[in-house]
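In the numbering used here, the protein residues as written are 123 to 439. To keep things clear, I will list the structure first and then write my remarks on it.
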Amino acid sequence: MSGAASSPFRVHVRAPGKINVFFEVGEVEADGYHDVASAYQALSLYEDVWAEHSDDFSIEVSGTVDVTGVPLDARNLAMRAARLLASTTGYSGGVHLTIHKAVPVAGGMGGGSADAAGALVACDALWGTGLAMNELHELAAELGADVPFSLLGGTAIGTGRGDELSPALARGRFEWVLVSNTQGLSTPAVYSALDEYRAQRVLDISPAPRAPMVPPGVMQALRAGDPDMLALHVSNDLQVAALALRPDLAEILELGERSGALAGFVSGSGPTLAFLARDEASALDLQVTLSAAGCDALRAHGPVPGARVLTDPTPRR
């Protein structure tokens, strides 16, 4: 398929980052992966992706967060998404992607996955390939477990490898303060540490559940839009392993919880920390306190929509 003459010159898509308000990890499988059960929530920290016609595939990246180390070649997940869409649909042209990042890099908040979701939606609109949402979701699942949720947004339950999604009702607005960290954590290393602790039956490490699941209390709190209730149920099986690899993060968690957070936890495999606040004013106070202590603290709220096309007021030439 070649590009249609009437297709737009430039497409702008905004895709959200996420946190896992609940994350349970099953036993390690023969292929080295784990089944999980997660409650995802999309947050108002966004990745902006612009797609423009080009004869080849290229990418540029900037951001309000440190983008050092973000690849600008075929290793970039957004570039992989664009190439996958082209090969799947038979599109013969290329694309130039411009990405502006506001989700902390390598922080367990799905910024790269949001880039990939944004690239899928933007290139589909730019090239006029016209894939249905379920087809985009199939491609997203090939790119990574978090990419389908970046397309869906809102609040959802993820099972399997995290990419089998069921939308979940979440009333109201939840306020979050996120603390990012420039020293990343390797996701495989965190999972390996959890597996090792479980094998050694280390105290305070729960055994792997046979069938990971999100408990009813999490669902009830989300449906009620009740941050106090949700604070009782937030949990992350990877947290103990992440803190063992990065003990300094525990001090920040303690500071946040002493300073008014309803709950604090490691987001995904870390190193980003998430703090749940009772309301917007409490979130602002917590952000100020954490920032004064030298932390890179960001405020966000959720849930927000998934990747969507925006209308730019002035086309770029």
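Note that CB positions come from ideal geometry on N, CA and C, so glycine has one too. Source: prediction; values computed, not measured.
**Request:** Taking only runs that begin and end inside the segment 324 to 399, name each unbroken beta strand (DSSP E) of 3 or more residues, in chain order.
**Result:** Unbroken beta strand (DSSP E) stretches of 3 residues or longer found wholly inside the segment 324 to 399: 385 to 388, 395 to 399, given in chain order.
**the segment 364 to 375 in contact with the segment 342 to 354 per 3-pair CB rule at 8 Å** = Touching, no.
**Request:** Name the one or two DSSP bridge partners that residue 168 has.
**Result:** Answer is 138.
**Message:** Only counting the same chain, and skipping five residues up and downstream in sequence, which positions put a Cβ closer than 6 Å to that of residue 206?
**Reply:** 261.
**Message:** Rounding to the nearest angstrom, what Cα-Cα distance links residue 164 and residue 352 in this structure?
**Reply:** Taking the straight line from one Cα to the other gives about 16 Å.
**Prompt:** Is the CB-CB distance between residue 183 and residue 223 below 8 Å?
**Reply:** In contact: residue 183 and residue 223 (Cβ atoms closer than 8 Å).
**Request:** Measure the CB-CB distance between residue 133 and residue 179 and report whether it falls below 8 Å.
**Result:** At the C-beta level, residue 133 and residue 179 stay beyond 8 Å of one another.
**Item:** Nearest-angstrom Cα separation, counted from residue 321 out to residue 244
**Value:** Distance between the alpha carbons of residue 244 and residue 321: 44 Å.
**Request:** Within the segment 172 to 240, note down every full beta strand (DSSP E) run reaching 3 residues or more, in order along the chain.
**Result:** Taken in chain order, the complete beta strand (DSSP E) segments of 3 residues or longer contained in the segment 172 to 240 are 179 to 185, 216 to 223.
**Item:** Whole beta strand (DSSP E) elements within the segment 230 to 316, 3-residue minimum
**Value:** Within the segment 230 to 316, the runs of beta strand (DSSP E) that reach at least 3 residues and sit entirely inside it are, in chain order, 277 to 281, 286 to 289, 296 to 302.
**Asked** Since residue 372 contacts residue 161 with CB under 8 Å, what's their CB separation in whole angstroms?
**Response** Between the beta-carbon of residue 372 and that of residue 161 there is about 23 Å, and that puts the pair past the 8 Å contact cut.
**Prompt:** For residue 313, is the classification buried or exposed, using 16 other Cβ atoms within 10 angstroms of its Cβ as the cut-off for buried?
**Reply:** Buried, because 16 or more other Cβ atoms sit within 10 Å of the Cβ of residue 313.
**Message:** Along the chain, where does the beta strand (DSSP E) containing residue 422 start, and where does it finish?
**Reply:** It spans 418 to 424 - the beta strand (DSSP E) in which residue 422 sits, taken as one unbroken run.
**Request:** Look up residue 322 in the DSSP assignment and say whether it is helix, strand or coil.
**Result:** Note: residue 322 maps to coil in three-state DSSP.
**Request:** Determine the direct distance from the alpha carbon of residue 212 to that of residue 282, and round the result to whole angstroms.
**Result:** Pairing residue 282 with residue 212, the inter-Cα distance amounts to about 30 Å.
**Prompt:** Hey, would you say residue 302 sits closer than 8 Å to residue 420, going by beta carbons?
**Reply:** For the pair residue 302 and residue 420, the CB atoms are nearer than the 8 Å cut-off.
**Prompt:** residue 332: buried (16+ other C-beta within 10 angstroms of its C-beta) or exposed?
**Reply:** Residue 332 should be labelled exposed.
**Request:** Whole angstroms is fine: what's the gap from residue 384's alpha carbon to residue 158's?
**Result:** In this structure, the CA atom of residue 384 is about 25 Å from the CA atom of residue 158.
**Message:** Helix, strand or coil, according to DSSP, for residue 402 in the structure here?
**Reply:** Under the three-state reduction of DSSP output, residue 402 falls in the helix class.
**Request:** To the nearest angstrom, report how far apart residue 259 and residue 429 are at their CA atoms.
**Result:** Going by C-alpha positions, residue 259 is about 12 Å away from residue 429.
**Asked** For the putative contact between residue 432 and residue 391, defined by C-beta atoms under 8 Å, what is the C-beta separation to the nearest angstrom?
**Response** For a cut-off of 8 Å, the C-beta gap from residue 432 to residue 391 is around 30 Å, too long to register as a contact.
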